[in-house]
Amino acid sequence: MAAGWLKNAVFYEIYPQSFYDSNGDGIGDIPGITEKLDAICSLGCNALWINPCFDSPFKDAGYDVRDYKKVAPRYGTNEDLMLLFHTAHKKGIRVLLDLVPGHTSEEHPWFRESCKAEKTPYDNRYIWTDNWFRGATGLNYVGGEAERSGTYVLNFFKCQPALNYGFLRTQEPWQLPCDHPDCIATREAMKDIMRFWLDRGCDGFRVDMAASLVKFDDEKNTATSAIWRNIREMLDRDYPEAVLVAEWGDPPLALSCGFDMDFYLNGWKNGYSTLLRDYEGQEEDNSFFRAKAPARNIRRFLDTYEEWYRLTRDKGYISLITCNHDTLRPRYSLTYRELKLAYAYLFTMPGVPFLYYGDEIGMRYLNLPTKEGGYSRTGSRSPMQWGNGKNLGFSTADPELLYLPVDPAEDAPTVQAQEKDPDSLLQTVKSILHLRHSLEDLQADSEYETLCDSPYVYRRGQLILAVNPSLEETEVKIDLNGRQPIFRIGTVLTSSSGFRLEAQSFAVFQ
Ligand code: NOJ
Ligand code: CA
Numbered sequence: 006m007a008a009g010w011l012k013n014a015v016f017y018e019i020y021p022q023s024f025y026d027s028n029g030d031g032i033g034d035i036p037g038i039t040e041k042l043d044a045i046c047s048l049g050c051n052a053l054w055i056n057p058c059f060d061s062p063f064k065d066a067g068y069d070v071r072d073y074k075k076v077a078p079r080y081g082t083n084e085d086l087m088l089l090f091h092t093a094h095k096k097g098i099r100v101l102l103d104l105v106p107g108h109t110s111e112e113h114p115w116f117r118e119s120c121k122a123e124k125t126p127y128d129n130r131y132i133w134t135d136n137w138f139r140g141a142t143g144l145n146y147v148g149g150e151a152e153r154s155g156t157y158v159l160n161f162f163k164c165q166p167a168l169n170y171g172f173l174r175t176q177e178p179w180q181l182p183c184d185h186p187d188c189i190a191t192r193e194a195m196k197d198i199m200r201f202w203l204d205r206g207c208d209g210f211r212v213d214m215a216a217s218l219v220k221f222d223d224e225k226n227t228a229t230s231a232i233w234r235n236i237r238e239m240l241d242r243d244y245p246e247a248v249l250v251a252e253w254g255d256p257p258l259a260l261s262c263g264f265d266m267d268f269y270l271n272g273w274k275n276g277y278s279t280l281l282r283d284y285e286g287q288e289e290d291n292s293f294f295r296a297k298a299p300a301r302n303i304r305r306f307l308d309t310y311e312e313w314y315r316l317t318r319d320k321g322y323i324s325l326i327t328c329n330h331d332t333l334r335p336r337y338s339l340t341y342r343e344l345k346l347a348y349a350y351l352f353t354m355p356g357v358p359f360l361y362y363g364d365e366i367g368m369r370y371l372n373l374p375t376k377e378g379g380y381s382r383t384g385s386r387s388p389m390q391w392g393n394g395k396n397l398g399f400s401t402a403d404p405e406l407l408y409l410p411v412d413p414a415e416d417a418p419t420v421q422a423q424e425k426d427p428d429s430l431l432q433t434v435k436s437i438l439h440l441r442h443s444l445e446d447l448q449a450d451s452e453y454e455t456l457c458d459s460p461y462v463y464r465r466g467q468l469i470l471a472v473n474p475s476l477e478e479t480e481v482k483i484d485l486n487g488r489q490p491i492f493r494i495g496t497v498l499t500s501s502s503g504f505r506l507e508a509q510s511f512a513v514f515q
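Under our numbering, the letters of the sequence shown match residues 6 to 515, in that order.
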């Protein structure tokens, strides 16, 4: 069962290089995050996920780790990160780091050692074939780069050689079984890294490509799951409050191997993206929350969600996200009003929600050239827009020194402007999150049930909630049993037979 503090957790994802630059070098940093903790608190978030902030050549924005135990100098020092943990804890905020267990950078000392022609203790830390001329069938590999006569397997980009956790079924002499001492050593090395940061105050990890450990695993990822269960045992024993959130995209599976939460990701037929952007089979965007969706149908999301919810209820949490550093920002397809309804829904659902920095003010997806292996993802990684001053308050550096340019639009949203506007998206986010914190029925564990698909009406504990994203007013015949609206967006009127929802409205009845 998941750690108790998750019951009321709302996460804020921070892409550190773009959040707040405290020393004017144009790159966001750890002290910058520490400085902004009050802003995060006032938003209603009480937990952080920070994308990789470790030493790296940054060919994949830090997902290519060169030293797992060292903060990248551009972000500060290990002491800065420990001060962040400490300050955050004093304010009631937990901090998750990003663990990349599937691969390292090609510049990691383990990999450098494993490339040597002579024997080293790291010969089997990565997946090497036994001949320079032979590649690993069915896997991406690189040859011709090392003194060693063999080719090595990749986990993602060319700069990210796959760590060796063994093979479920070994077919070639160079494939080691998962219980080979050298494969166990890889797992133990990951545990050692986790312990290093947990001992220094971090509260757990978001786990990158959690399903990717064992190659040619079976459909149920049996061998990879066994590794996570082993890691979970260590956490349960030595760090019972520590949490793990998987980048797996299969909550029933991820939760069964000891993850507290798993993200509801894209790529599934009835996927998450259908809420915020959905072009499948349509010329026009058919996102559920888009006012003019040509064929709105929440079932495209719910058929999978409800099934997963049923399967995971007593095991941990599904995490719905506004977006992340790999996906389009929701503002790409939705207006501010549409975003208010979408967030009202996402933040009143069961499980543990994640808000990506800047989505609270509706930052735009920018058309930017690729940076650090970002490609089309780069547009969702631009600097946080704090205020109206230089670089929108992100940094005092010259604009050409910025990690990425800030949104050049005249009406670029900022925290400062939206703080002053009672109708802003930021204020709506704050009031929904405030409501979530004040009512246990809106938090992670309380029961959830669909009452009506169109308009969408659902129950959380004793509360009834409803959302009408369309431009038509709609009537709902449901006995509210005397419940009254305690929160609304737009106009909602109760009647003897139920209630009426005006165009683009949302309500919570208590
Ligand atoms: C998933 C991460 O979210 C993404 O940003 C990264 O490029 C890949 N994993 C590889 O680590
Ligand atoms: Ca900086």
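Positions of the beta carbon are idealized from the N, C-alpha and C atoms, including for glycine.
Per DSSP, which residues does residue 463 bridge with? Please list them.
455 and 470
Considering only residues of the stretch 132-206, which uninterrupted alpha helix (DSSP H) runs meet the minimum length of 4 residues and lie entirely inside it, listed in chain order?
186-204
Near ligand 2: residue 71 beta-carbon under 8 Å from a heavy atom
no
Thinking just about the alpha-carbon of each residue, which of 348, 49 and 150 is nearest to the one in residue 122?
150
Using the rule of at least 16 other Cβ atoms within 10 Å of the residue's Cβ for burial, across every protein chain shown, is residue 97 buried or exposed?
exposed
Considering only heavy atoms of ligand 2 and the C-beta of each residue, which residues fall inside 5 Å, strictly closer?
26, 28, 30, 32 and 34
Tell me where the alpha helix (DSSP H) around residue 246 begins and ends.
Where residue 246 is concerned, there is no enclosing alpha helix (DSSP H), given that its DSSP letter is neither H nor E.
Reducing DSSP to helix, strand and coil, say where residue 499 ends up.
strand
If you draw a straight line from the alpha carbon of residue 366 to that of residue 489, how long is it in whole angstroms?
29 Å
Touch test, the stretch 355-371 against the stretch 298-308, Cβ-Cβ under 8 Å, three pairs minimum:
no
Compare the beta carbon distance of residue 462 and residue 449 with 9 Å and say whether it is the shorter of the two.
no
Compute the minimum distance between the beta carbon of residue 68 and the heavy atoms of ligand 4, and state whether it is under 8 Å.
The model depicted lacks ligand 4 and carries ligand 1 and ligand 2 instead.
Quick one: give me the first and last residue of the alpha helix (DSSP H) that residue 93 is part of.
83-95
Under DSSP, the beta strand (DSSP E) around residue 267 begins and ends at which residues?
266-268
Taking residue 491 and residue 515 to be in contact with their CB atoms under 8 Å, please state how far apart those CB atoms are, rounded to whole angstroms.
5 Å
At a cut-off of 8 Å, is residue 60 close to ligand 1 when judged by its beta-carbon and the heavy atoms of the ligand?
no
Residue range of the alpha helix (DSSP H) that includes residue 34
Taken as a continuous stretch (DSSP letters only), residue 34 belongs to no alpha helix (DSSP H), as it is neither H nor E.
Could you check what DSSP says for residue 10 in three-state terms: helix, strand or coil?
helix
Any contact between the stretch 472-480 and the stretch 500-512? By contact I mean 3 or more CB pairs, one from each, below 8 Å.
yes
Would you kindly work out how many angstroms separate the C-alpha atoms of residue 428 and residue 9, rounded to a whole number?
34 Å
Please classify residue 141 as buried or exposed, where buried requires at least 16 neighbouring CB atoms within 10 angstroms.
buried
If you run the structure through DSSP and keep just helix, strand and coil, what is residue 275?
Per-residue confidence for residue 275 stands at a pLDDT of 48, beneath the threshold of 50, marking its modelled position as unreliable; no derived number is given.
Distance, Cα to Cα, residue 511 vs residue 246?
35 Å
With burial defined as no fewer than 16 other Cβ atoms inside 10 Å of the residue's Cβ, what is the status of residue 380: buried or exposed?
exposed
Going by other Cβ atoms of all chains shown within 10 Å of its Cβ, with 16 needed for buried, is residue 94 buried or exposed?
exposed
Can you tell me whether residue 253 is helix, strand or coil according to DSSP?
coil
Check: residue 252 C-beta below 8 Å from any heavy atom of ligand 1
yes
Tell me, please, which residues DSSP counts as bridged to residue 510.
473
Taking C-beta to C-beta, are residue 170 and residue 232 nearer than 9 Å?
yes
CB-CB length for residue 209 against residue 90, believed under 8 Å:
With a Cβ gap of about 12 Å, residue 209 and residue 90 do not count as contacting.
Could you give the DSSP three-state label for residue 53: helix, strand or coil?
strand
Where do the N-terminal and C-terminal ends of the alpha helix (DSSP H) with residue 74 fall, by residue?
Here residue 74 belongs to no alpha helix (DSSP H); instead the beta strand (DSSP E) covers 72-76.
How many angstroms separate the CA atom of residue 184 from the CA atom of residue 195?
16 Å
Residues of its chain near residue 328, where Cβ-Cβ distance is below 7 Å and the 5 sequence neighbours each way are ignored:
334, 335, 361, 364 and 385
Write down the C-beta distance between residue 35 and residue 70 rounded to the nearest angstrom, noting that I regard them as a contact closer than 8 Å.
The Cβ separation is near 16 Å, so there is no contact.
Could you tell me the alpha carbon to alpha carbon distance between residue 498 and residue 460, rounded to whole angstroms?
15 Å
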